[in-house]
Amino acid sequence: MIPRTLTSRWFEISQQFPVLLLTGPRQVGKTTLLQNAREPARTYASLDDPTLRALASEDPALFLQRFPPPVLIDEIQYAPQLLPLIKMAVDESRAPGMFWLTGSQQFQMMKGVSESLAGRVAITHLLGFSGRERRKLELDVPPFLPTSLRMTRRETSATRQTLKQVYKEIWTGAFPALVAGPVKDRDLFYSSYLQTYLQRDIRDLAHVSDEATFLRFLKACAARTGQMLNLSDLARDADVSVNTAKSWLSLLQASSQVHLLQPYHSNVTKRLVKRPKLYFLDTGLCSYLTEWTSPETLEAGAMSGPIFETYVFAEVLKSWWHLGQFPHVYYYRNKDGKEIDLLFAADETLYPVEIKKSAAPSREWGRMLNVLDTLHERRGEGAVICLCREPLPINERVTALPIGLI
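Shown next, in the form of structure tokens:
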């Protein structure tokens with residue numbers, strides 16, 4: 000088993016909260032991680048089992064008698080009736096680590112969790128393998144932030160990534176079955192994944208009857224990864240109404256297929272760009288949906304830049320989420336169309352990050368980040384993530400960072 004960054008952090012959290020919830024897309028290794036982490040005394044119940052699901056739904060009290068804490072309950076979204084009883088059990092004992100829960104859908108599940116377990120549950124998020132995990136590098140490093148101290152910590156265990164290696168990872172994706180499992184046929188995997196996703200998650204969440212139209216919508220979203228969201232254009236290309244597009248986009252968020260990166264707002268910028276940017280969370284699935292047949296054609300094609308940016312963004316998110324942390328990260332775009340790909344806000348300081356598919360750092364990259372000076376807010380160190388071989392200073396405030404440092 001390839002070690003996951005979240006494992007050690009999970010044990011720390013389990014000593015502090017009575018309930019832990021691990022969310023994320025299907026087949027990213029949630030169950031495998033917790034099955035390998037659970038103690039011998041912790042029982043296990045999967046609500047994918049129709050018999051156990053029926054018992055949990057119809058007689059939740061009996062279910063918890065059969066599976067008393069400490070317990071790991073898989074796919075908790077199938078039996079929200081358990082949540083009030085879990086709350087009662089927690090309030091009686093308040094012992095840490097009583098319930099470990101996993102869930103692949105966040106719509107109704109998160110609503111039930113927030114209502115029943117507020118103040119009692121720690122929520123973490125798992126995606127596919129990060130670059131560090133798949134290359135088996137040091138995992139005990141801080142989450143990505145473009146400061147000298149953090150980059151030094153990450154640089155000591157980083158590896159150089161070539162253009163060819165990067166696009167092979169992008170095209171393959173990060174699902175464990177493809178990275179470390181027995182599956183070799185990437186197209187067959189994603190075809191099966193989509194079929195399962197459409198038939199289970201989408202039908203369960205919204206009872207979408209026209210799967211062909213939803214798949215067309217999904218492909219239209221994939222073609223827009225790394226771009227500002229325009230719901231009207233998206234709806235037109237998918238041949239659905241704007242309201243349907245909005246609803247279906249919420250489904251993609253709820254099932255952890257896409258992430259909407261919000262624009263940065265302050266008193267100065269609040270009247271400017273308000274549309275989020277759309278990012279797929281797995282570049283392999285995105286590449287499959289947009290029908291790129293090889294890493295080479297993807298790298299040379301029209302999506303080369305946006306898919307590279309999508310890959311970097313997903314890696315940045317994993318560096319935080321897999322440590323049980325959630326970054327305050329945005330993008331910035333002013334009225335003149337000048338944009339900064341990622342903008343971290345921490346300790347009343349802004350840290351700008353640009354993403355460039357280039358191996359030759361340019362001083363112009365540093366000047367691009369000066370657009371933040373108009374905000375009159377404290378600005379920290381900045382970075383340009385690119386394909387250079389080693390960190391290189393662009394100016395006194397900006398450093399070009401190789402993609403292997405994320």
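Mapping of the sequence shown onto numbering that gives the first Met the number 0: residues 0 to 405, in sequence order.
For each residue, glycine too, the CB sits at the ideal point set by N, CA and C.
Nothing here was measured: the structure is a model prediction, and the numbers come from that model.
As for any alpha helix (DSSP H) of minimum length 4 sitting wholly inside the segment 133-187, the runs are 147-154, 162-171 and 175-178, ordered along the chain. A residue is called buried once 16 or more other Cβ atoms fall within 10 Å of its Cβ, and Arg388, having fewer, is exposed. Taking all protein chains in view, the Cβ of Phe343 is crowded by 16 or more other Cβ atoms within 10 Å, so the residue is classified as buried. A distance below 6 Å between beta-carbons, with the five flanking residues on each side excluded, links Val140 to the following residues of its chain, in chain order: Arg152 and Arg153. Glu308 is not a Cβ neighbour of Ile339, given a cutoff of 8 Å.
Out of Pro95, Arg93 and Arg65, the CA that lies nearest to the CA of Leu81 is found in Arg65.
Restricting attention to beta strand (DSSP E) runs no shorter than 3 residues, the segment 39-80 encloses them at 42-45 and 70-73, ordered along the chain. When beta bridges are read from the DSSP output, Cys385 appears opposite Pro401.
Rounded to the nearest whole angstrom, the C-alpha separation of Leu5 and Ser156 is 18 Å. With contacts defined by Cβ atoms closer than 8 Å, Ala221 and Ile1 do not form a contacting pair.
Excluding its 5 nearest sequence neighbours in each direction, Glu314 has C-beta neighbours in its own chain below 7 Å: Ser129, Gly130 and Ile405, listed in chain order.
Taking the CA atoms as reference points, Thr212 sits about 21 Å from Asp186. Pairwise C-beta distances place the segment 290-305 out of contact with the segment 374-392, as fewer than three of them are shorter than 8 Å. By the Cβ-count criterion, Ala237 is buried, with 16 or more other Cβ atoms from all chains shown falling within 10 Å of its own Cβ. Put simply, the backbone Cα of Ile402 is about 44 Å away from that of Val89. Of the residues Pro275, Thr224, Pro326 and Asp184, the one whose Cα lies closest to the Cα of Cys285 is Thr224.
When Cβ pairs closer than 8 Å are counted between the two stretches, the segment 51-63 is seen not to touch the segment 29-41, the count staying below three.
Contact between Val257 and Tyr278 holds, since their C-beta atoms are separated by about 6 Å, short of 8 Å. The beta strand (DSSP E) runs of length 3 or more contained entirely in the segment 199-282 are, from start to end of the chain, 257-260 and 276-279.
For the options Ala244, Ala60 and Pro69, the alpha carbon positioned closest to that of Pro39 is the one of Pro69.
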